[in-house]
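Undergrad: Here the sequence shown stands for residues 54 to 210, numbered as in my numbering.
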Amino acid sequence: MKKEISIAVLIGLLLGLIITYGVYRTQLLFTSESQEVEQVIGSPNPEPTEQLLSLTQPENGTVQTNGDISIVGNAKMGSFVVLFADNEDYIITPEEDGSFHFSTSLEEGTTIIRVHAINSEGQTTMVERVVVIEEPEPSPSAEASPSATPSTTQENT
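1) Applying the criterion that 16 or more other CB atoms from any shown protein chain within 10 Å of the CB defines a buried residue, is V189 buried or exposed?
2) Just to confirm my understanding: we take I165, look at its own chain, exclude 5 residues before and 5 after, and list those with CB closer than 7 Å. What are they?
3) Output the distance between the C-alpha atoms of T109 and S152, rounded to the nearest integer angstrom.
4) Suppose the cutoff is 6 Å on Cβ atoms and the five residues either side in sequence are ignored; what does the same chain contact list for N127 look like?
5) Go ahead and pull the three-state DSSP assignment for G151.
6) Going by Cα to Cα distance, which pick from D121, T73, E57 and I58 is closest to V185?
7) If contacts are defined as beta-carbon pairs under 8 Å, then F133 and R167 qualify, I think. What distance do you get, rounded to the angstrom?
8) With DSSP collapsed to three states, give me the class of G65.
9) Give every residue of the same chain whose Cβ lies closer than 8 Å to the Cβ of E161, excluding the five residues on either side of it in the sequence, and list them in chain order.
10) Are V125 and H169 closer than 7 Å when you measure CB to CB?
11) Please list the terminal residues of the continuous beta strand (DSSP E) segment that includes Q18.
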C-alpha cells in the first residue's frame with residue numbers, strides 16, 4: 054500500500070511540473086506577441102517615404118593601412134545619428150542640411166561600423182560598413198637586394 058501511494062505522489066508531482074512548464078511557456082508566448090503588437094502600433098508608417106540615412110564614406114569592404122577614417126553621410130532633418138565602431142558609441146547631431154561628418158581612429162583588423170539614424174517619430178534606419186585596417190607592408194630596402202657589380206678578369210700573357 055505504501056508503495057502504491059509513493060508512486061501516485063510521484064506521478065502527481067510529475068504532472069504538476071509538466072502543467073507548470075506549459076503555463077510558463079504559454080505566458081512567454083503571449084508576452085512576446087504583445088510586445089510585437091506594441092511595436093507595430095508605435096510606428097504606423099514602417100516604410101518612410103524619404104530616405105532617413107545615407108552613408109557616402111567609407112565604402113563597404115574598404116581596406117586601408119591607416120587607421121584614421123572618416124564617416125560621412127546624410128540624415129533626414131530633425132534626426133540624430135548614433136555610430137558604433139570598435140566597441141565605442143558616438144552620438145552625432147547632423148548639420149542643418151542633414152549632412153554629418155565624423156572622424157575616428159580604428160584598430161588594426163576588421164571593424165564593422167554601424168550607423169543608426171533615429172528621427173523624431175521613432176523610426177530607425179541602420180547602415181553597416183565593413184572596414185579592414187591592415188599593417189603596411191615593409192618596403193624593400195637597398196640592403197636586402199643584391200647589387201650588381203661588374204667583375205673584372207685579367208689575362209696573364
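In this text, a Cβ means the ideal position worked out from N, Cα and C, and glycines have one as well. It should be emphasised that the depicted structure is a prediction, and the values quoted were computed from it without experimental measurement.
TA: Based on what the coordinates show:
1) The question names Val, yet the displayed sequence has Pro at residue 189. Counting Cβ neighbours within 10 Å, P189 comes out exposed, since fewer than 16 surround it.
2) Correct list, in chain order: E181 and V183.
3) 10 Å
4) S107, G151 and S152
5) coil
6) D121
7) In fact, because the Cβ distance is near 15 Å, the residues do not count as touching under 8 Å.
8) helix
9) Counting only Cβ-Cβ distances below 8 Å, and skipping sequence neighbours, we find G120, I186, E187 and E188.
10) no
11) Any property of residue 18 remains undetermined from this structure, which presents the chain solely from 54 to 210.
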